[in-house]
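Residue numbers (my numbering), protein chains in the order written: chain A, -12 to 223; chain B, 730 to 1027.
We treat Cβ as the ideally placed atom computed from N, Cα and C, and that holds for glycine.
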């Protein structure tokens, strides 16, 4: 078990956002969490990454409990996130942004090799290397954010609403990329999405989150066929 | 001539302190309105060590820098837990407390201050003002060199990342507390260095030299020149150092003019004269046709 979230509850100023959520991710899996706006998807990722404290429950990663560990220490252990709206460092160049992804790991990661690999996947980042990240379009920033999170060869990649604000054509492209990273690099991915169809298509397994509770989980293909999911999230 | 040398000495000392403040405010994005406290700590430390402990300027200097670093660390630790306006208020508080300690404890000479601070000797040669200016310029160059180097280190880059987005930076393995503290300590060490030079230049110091208005004028220098740029604090120190000399008759309105300038800059050129989109830089780009980007490109 790479990631084991058990009975996790998170509250904002006493208002509960997640109630006893349990979720597991195995090494090499691509798992998605789907749900409507406000279901607690982002909160779940924030708790896993350490941006929100857990009110109760436990998070363990690669066999170690990390529930109270600070964010940067979890990152050092191999948990990386592509946050909502990319959050690139806009006043830094594209190259500098990528370099921040290997902060503290510059001796452990084959930086040149990783850059070559990522430039293959995201050619635009090589082209724009010396430009400020603020000059990139939304889709390009999203690509930069993914590359920045992947450059350190993380054990687990968390992806938060990557499709938000992207043109449909780009959404397909980004999902395809995530699939490539998972299938070819063996990158374990936990994907949180409103776009249920696109994420279920590339996932192995999925969880359905509704107002802070996991109401359904299982094989992604089965969920795609499940009438409840089809009605609520696929609009058919 | 001697008058010009004196003005230049003061400007270069203030530029060193402003460069230090720029590391905190410009590089790490942490507001500090109490920089004069560390300027004072450097000045008092050097004054005490040379007048009471009988050390020379050079014997005292490493200790002065160490004291500035330790106090910067100790005062930075609780301050950097709060953000933005609270941090501004906390640092103002630090300024007033440090000033009060100098003013009210007999050990620091109370309101009488400390006099009889020895001049600086280099190779047995007592420095006159021209030579002291040379020494200050040497330290200023060293300060700029270190600041420039810092922007190219991982520690420097991590400060920039924290300035831009603390949350995102933490998810990349960067400890925000560590990045901010390292910037704070570097900044306070430069303030300490400037303070030591100042003490041995004026040779008589008192608490009033390190009050809150001094912090404001240092902040004005950084904002005017350009927060986060390498040369901005120097430019700011030169302009704000020369202006009052040129407009001597307006000396009583100095703080008013500084504040006005600060407001105008924040309103119309928040990046400062050397900032990314400033008219100076745009004009310069037009002249050279060169485009530079990135934090390390300043």
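Chain B within 7 Å of residue i, Cβ atoms only
i: residue 8 (chain A); result: no
i: residue 192 (chain A); result: no
Under 7 Å by beta carbon: chain D residues contacting residue i
i: residue 901 (chain B); result: Absence of chain D from the displayed structure is noted, the protein chains being A and B.
Which of helix, strand or coil DSSP assigns to residue i
i: residue 879 (chain B); result: helix
i: residue 180 (chain A); result: strand
i: residue 220 (chain A); result: coil
i: residue 834 (chain B); result: coil
i: residue 782 (chain B); result: coil
i: residue 149 (chain A); result: coil
i: residue 900 (chain B); result: coil
i: residue 758 (chain B); result: coil
i: residue 6 (chain A); result: strand
i: residue -4 (chain A); result: strand
i: residue 1057 (chain B); result: No information on residue 1057 (chain B) is available, as it lies outside the stretch 730 to 1027 that chain B covers here.
i: residue 198 (chain A); result: coil
i: residue 213 (chain A); result: coil
i: residue 1027 (chain B); result: Its pLDDT being 43, under 50, residue 1027 (chain B) is placed unreliably in this model, and the coordinates cannot settle the point.
i: residue 795 (chain B); result: helix
i: residue 131 (chain A); result: helix
i: residue 763 (chain B); result: coil
i: residue 885 (chain B); result: helix
i: residue 1015 (chain B); result: helix
i: residue 143 (chain A); result: strand
i: residue 771 (chain B); result: helix
i: residue 871 (chain B); result: helix
i: residue 910 (chain B); result: helix
i: residue 203 (chain A); result: strand
i: residue -11 (chain A); result: coil
Interface flag, residue i vs chain A, CB-CB below 7 Å
i: residue 897 (chain B); result: yes
i: residue 893 (chain B); result: yes
i: residue 890 (chain B); result: yes
i: residue 911 (chain B); result: no
i: residue 1007 (chain B); result: no
i: residue 935 (chain B); result: no
i: residue 904 (chain B); result: yes
Ordered list of alpha helix (DSSP H) runs contained in the stretch 924 to 1007 of chain B, each at least 4 residues
941 to 954, 961 to 975, 983 to 997
To test your reading of the DSSP string, which unbroken alpha helix (DSSP H) runs of 4 or more residues are found completely within the stretch 44 to 129 of chain A?
58 to 64, 81 to 87, 98 to 108, 110 to 114
Could you tell me whether the stretch 147 to 160 of chain A touches the stretch 93 to 107 of chain A, where touching means 3 or more Cβ pairs closer than 8 Å?
no
Complete runs of the beta strand (DSSP E) confined to the stretch 12 to 49 of chain A [at least 3 residues]
17 to 21, 43 to 48
Got a sec: which bits of the stretch 54 to 85 of chain A sit with their beta carbon under 7 Å from any beta carbon on chain B, in order along the chain?
58, 59, 62, 63, 67, 68, 70, 74, 76, 77, 78, 79, 80, 83
Identify each residue in the stretch 9 to 38 of chain A for which the Cβ-Cβ distance to at least one residue of chain B is less than 7 Å, and report them in chain order.
36, 38
Below 8 Å, can you find three or more Cβ-Cβ pairs linking the stretch 748 to 767 of chain B to the stretch 962 to 979 of chain B?
yes
At what residue ranges does the stretch 803 to 864 of chain B contain a whole run of the alpha helix (DSSP H), taking only runs of 4 or more?
813 to 833
Just by C-beta distance, which residues in the stretch 987 to 1006 of chain B are closer than 8 Å to chain A?
The residues in question are 1005.
Give the residues from the stretch 856 to 884 of chain B that approach chain A closer than 7 Å (Cβ to any Cβ), ordered along the chain.
883
Between the stretch 819 to 828 of chain B and the stretch 783 to 798 of chain B, do at least 3 Cβ pairs fall closer than 8 Å?
Counting Cβ pairs under 8 Å, fewer than three are found: no touch.
Residues within the stretch 938 to 950 of chain B neighbouring chain A, beta-carbon criterion of under 7 Å
none
State whether the stretch 150 to 159 of chain A contacts the stretch -12 to -1 of chain A, with contact taken as three or more CB pairs (one from each stretch) at a distance under 8 Å.
No, because fewer than three Cβ pairs between the stretch 150 to 159 of chain A and the stretch -12 to -1 of chain A fall closer than 8 Å, the two stretches do not touch.
Inspect the CB distances between the stretch 920 to 930 of chain B and the stretch 764 to 780 of chain B and report whether three or more fall short of 8 Å.
yes
Positions along the stretch 787 to 812 of chain B whose CB lies within less than 9 Å of some CB in chain A
none
Inter-stretch contact (C-beta, 8 Å, three-pair minimum) for the stretch 886 to 896 of chain B and the stretch 186 to 200 of chain A:
no
Taking 8 Å as the cut-off, does the stretch 25 to 37 of chain A touch the stretch 58 to 78 of chain A (at least 3 CB pairs, one atom from each stretch)?
Yes: the two stretches touch, three or more of their Cβ pairs being nearer than 8 Å.
Sufficient close CB pairs (3 or more, under 8 Å) joining the stretch 50 to 57 of chain A to the stretch 82 to 93 of chain A
No contact exists between the stretch 50 to 57 of chain A and the stretch 82 to 93 of chain A.
Closer than 8 Å is the cut-off here; do at least three beta carbon pairs connect the stretch 975 to 994 of chain B with the stretch 947 to 954 of chain B?
yes
Check whether the stretch 179 to 186 of chain A touches the stretch 16 to 25 of chain A, taking contact to mean three or more Cβ pairs, one atom from each stretch, closer than 8 Å.
Segments in contact, yes.
Using a Cβ distance threshold of 8 Å, determine whether the stretch 841 to 853 of chain B contacts the stretch 776 to 785 of chain B, with at least three qualifying pairs required.
yes
If contact is defined by three or more beta carbon pairs under 8 Å, each pair taking one atom from either stretch, is the stretch 42 to 49 of chain A in contact with the stretch 862 to 882 of chain B?
In this structure the stretch 862 to 882 of chain B does not touch the stretch 42 to 49 of chain A; the number of beta carbon pairs closer than 8 Å is below three.
Against chain A: residues of the stretch 952 to 969 of chain B by CB proximity under 7 Å:
Answer set for the stretch 952 to 969 of chain B: empty.
Can you find at least 3 beta carbon pairs, one from the stretch 799 to 817 of chain B and one from the stretch 737 to 745 of chain B, that sit closer than 8 Å?
The answer is no - the stretch 737 to 745 of chain B does not touch the stretch 799 to 817 of chain B, with fewer than three Cβ pairs under 8 Å.
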